[in-house]
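Colleague: The structure under discussion is supplied below as structure tokens; questions concerning it will follow.
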Amino acid sequence: MALSARWARRSRASVSSRLRIVVEALIAVMGAGGVALAIVANQSWLDRHILPSFFLMRTWYVVLESTARVLMLVTGVVLVFVVRPRLGRLAEQNPAIIVRVIAAAALAIVAGALVLRWRHPSSEWLLSSVEPVREPDGRIGWTFAPNHTSQRIVSGRTITYAFDRIGARVRSTDEPVDLDRPTMIFVGESVMFGEGLAWDETIPARVGSAMGVQTANLAVHGYASDQAYLRLERELPRFREPRAVVSMFMTVLFGRNLDDNRPHLGPGLVWMPPIDRGRLVSLATLIVPFRRTSTVERGIEVTQEVFRATNALARARGATAVVVVPQLNQEDDAERTLRRRILDDSGVPYVFVELADDWRLAGDVHPNAHAADVIASAVASKLRRQ
Numbered sequence: 000m001a002l003s004a005r006w007a008r009r010s011r012a013s014v015s016s017r018l019r020i021v022v023e024a025l026i027a028v029m030g031a032g033g034v035a036l037a038i039v040a041n042q043s044w045l046d047r048h049i050l051p052s053f054f055l056m057r058t059w060y061v062v063l064e065s066t067a068r069v070l071m072l073v074t075g076v077v078l079v080f081v082v083r084p085r086l087g088r089l090a091e092q093n094p095a096i097i098v099r100v101i102a103a104a105a106l107a108i109v110a111g112a113l114v115l116r117w118r119h120p121s122s123e124w125l126l127s128s129v130e131p132v133r134e135p136d137g138r139i140g141w142t143f144a145p146n147h148t149s150q151r152i153v154s155g156r157t158i159t160y161a162f163d164r165i166g167a168r169v170r171s172t173d174e175p176v177d178l179d180r181p182t183m184i185f186v187g188e189s190v191m192f193g194e195g196l197a198w199d200e201t202i203p204a205r206v207g208s209a210m211g212v213q214t215a216n217l218a219v220h221g222y223a224s225d226q227a228y229l230r231l232e233r234e235l236p237r238f239r240e241p242r243a244v245v246s247m248f249m250t251v252l253f254g255r256n257l258d259d260n261r262p263h264l265g266p267g268l269v270w271m272p273p274i275d276r277g278r279l280v281s282l283a284t285l286i287v288p289f290r291r292t293s294t295v296e297r298g299i300e301v302t303q304e305v306f307r308a309t310n311a312l313a314r315a316r317g318a319t320a321v322v323v324v325p326q327l328n329q330e331d332d333a334e335r336t337l338r339r340r341i342l343d344d345s346g347v348p349y350v351f352v353e354l355a356d357d358w359r360l361a362g363d364v365h366p367n368a369h370a371a372d373v374i375a376s377a378v379a380s381k382l383r384r385q
């Protein structure tokens, strides 16, 4: 009996010792990895893998990136020299606690993923009930609800959003776009749509007023370049006499062109269905928007194809095509390189518009009425020259 008891104690001690080695090794790897990543992820590396942001000025996200590197370095050192020996001793003295903690963490992750998937499917993030209302679209992802009028308070003003039967933004539902009249068609996302602006203040309305031609505002919140192209491809045949097609591109929104949790276009403009990677993975990507080099290069290639195809669609209908590129903050080297690779290398006509520091709506990230006027004036000038 005594021999059996000694053997059992030795066996438990051996298991505890091995568990301590495993725990300490894992923590050491985590800590060393954090230190290595903090060293390798310099600003040049981050600029290649963390794309410009619409919601943060470059100076802000550079500060955030630098802070994150310092935190990774400090956390890595603490893990190796403080946490590792302490958890190692705990694993040796009371292995049941470590097992319970690991099991609880694993179950929490699984449960969280299941709940998020049930409550918020990752492919439906942008199908919000917030005005202006969007509705699902199997080919494009989402569109605005047609024949709909709503109001929303933005920057202290009550803004009316009205949509006609094809989902184009109009002054009111009583004034739909006349498909038989000469028309300039505008596609893009919320900046082109005129988020926070009255209809008369939007870019399409201002260009139409300056040139005396009807406009159709087909821009939709949250659209990437390929979605705008798909919308144009669907709606352009409705118009009897299209005069111009105006698209929008901003380097700070290029990251959207890489998203695949919605219907999207691949190389060769092949339509592809959404890829559901799960809400937890999508949430992690949103918090840390790391992009692989191959993903960025593929996005550049597809975006070039999109604008060339947009140009071809317009020319086939006898219309002029132009891309407007608003620069919301001072353009840095990374943004300049991205713009030139996508647009200059594509050979598509575009107009680059640098905006002053006071371009934002109060308390919002979208351009104000003055900025929209500057953009519209540049577009109208470009169209006259072409």
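Numbering of the sequence shown is given in numbering that gives the first Met the number 0, commencing with residue 0 and proceeding in unit increments.
All C-beta atoms in this analysis are idealised placements derived from N, C-alpha and C, irrespective of residue type, glycine included.
Remember, predicted model here, so these are calculated numbers, not experimental data.
Quick check on this structure: which residue in T159, G155, L231, A209 has the alpha carbon closest to the alpha carbon of S149?
Modeller: To locate residue 149, count along the sequence shown from 1; it is residue 150. Selected option, being the one with the closest Cα: T159.
Colleague: For V132, tell me which candidate among R168, G155, A103 has the shortest Cα-Cα distance.
Modeller: Sequence index remark: in the sequence shown, residue 132 carries index 133 (1-based). The candidate whose alpha carbon is nearest that of V132 is R168.
Colleague: With 16 other CB atoms within 10 Å as the buried threshold, where does N256 fall?
Modeller: Numbered from its first residue, the sequence shown carries residue 256 at position 257. By the C-beta density criterion, N256 is buried, having at least 16 other C-beta atoms within 10 angstroms.
Colleague: Provide the residue(s) that pair with R390 in DSSP beta bridges, ordered along the chain.
Modeller: In the structure displayed, the chain extends from 0 to 385; residue 390 sits before or after that span and is not available.
Colleague: Roughly how many angstroms lie between the CA atoms of R338 and S16, to the nearest whole one?
Modeller: As a first step, residue 338 is located in the sequence shown; it is residue number 339 there, counting from the start. As a first step, residue 16 is located in the sequence shown; it is residue number 17 there, counting from the start. Taking the straight line from one Cα to the other gives about 57 Å.
Colleague: Cα-Cα, which of I20, I26, A379 is closest to G207?
Modeller: As a first step, residue 207 must be located in the sequence shown, where it is residue number 208. It is A379.
Colleague: Taking the C-alpha atoms as reference points, what is the distance between R217 and G193?
Modeller: Stepping through the sequence shown from its first residue, residue 217 is reached at position 218. Stepping through the sequence shown from its first residue, residue 193 is reached at position 194. Correcting the residue identity first, residue 217 is Leu in this sequence and not Arg. In a straight line, the C-alpha of L217 is about 11 Å away from that of G193.
Colleague: Taking its Cβ as the centre, do 16 or more other Cβ atoms sit within 10 Å of G140, making it buried, or is it exposed?
Modeller: Numbered from its first residue, the sequence shown carries residue 140 at position 141. Taking a 10 Å sphere around the C-beta of G140, we find 16 or more other C-beta atoms and assign the residue as buried.
Colleague: What residue from D46, A313, G75 has the CA that sits closest to E386's CA?
Modeller: Residue 386 lies beyond the stretch modelled for the chain, which goes from 0 to 385, so this question has no answer here.
Colleague: Quick one: what's got a C-beta closer than 7 Å to K381's C-beta in the same chain, skipping five residues either side?
Modeller: Start at 1 with the first residue of the sequence shown, and residue 381 comes out as number 382. If the five residues before and after K381 are omitted, its C-beta is found closer than 7 Å to the C-beta atoms of V321, V350, all from its own chain and listed in chain order.
Colleague: Which word fits Q385, buried or exposed, when buried means at least 16 other C-beta atoms lie within 10 angstroms of its C-beta?
Modeller: Within the sequence shown, residue 385 is the residue found at index 386, counting from 1. Classification for Q385: exposed.
Colleague: For the alpha helix (DSSP H) holding G87, just list the boundary residues, first then last.
Modeller: For the purposes of this step, residue 87 is taken as residue 88 along the sequence shown, with counting starting at 1. From DSSP, the alpha helix (DSSP H) with G87 extends over 83-92.
Colleague: Ordered along the chain, which non-local residues of its own chain (more than five positions away) have a Cβ less than 8 Å from that of I374?
Modeller: One-based indexing of the sequence shown puts residue 374 at position 375. Only I202, V323, P325, V352, L354, P366 meet the Cβ criterion.
Colleague: So, is I20 buried or exposed, given that buried needs 16 or more other C-beta atoms within 10 angstroms?
Modeller: Position 21 of the sequence shown, counted from the start, is the residue given in the question as residue 20. When all chains shown are included, I20 counts as exposed.
Colleague: Nearest-angstrom Cα distance between V290 and M271?
Modeller: By one-based count along the sequence shown, residue 290 stands at place 291. By one-based count along the sequence shown, residue 271 stands at place 272. The sequence given here places Arg at residue 290; Val does not occur at that position. If you take the alpha carbons of R290 and M271, they lie about 20 Å apart.
Colleague: Check G207 in the structure and name its three-state DSSP category.
Modeller: Position 208 of the sequence shown holds residue 207. In the structure shown, G207 sits in a helix (DSSP, three-state: H, G or I).
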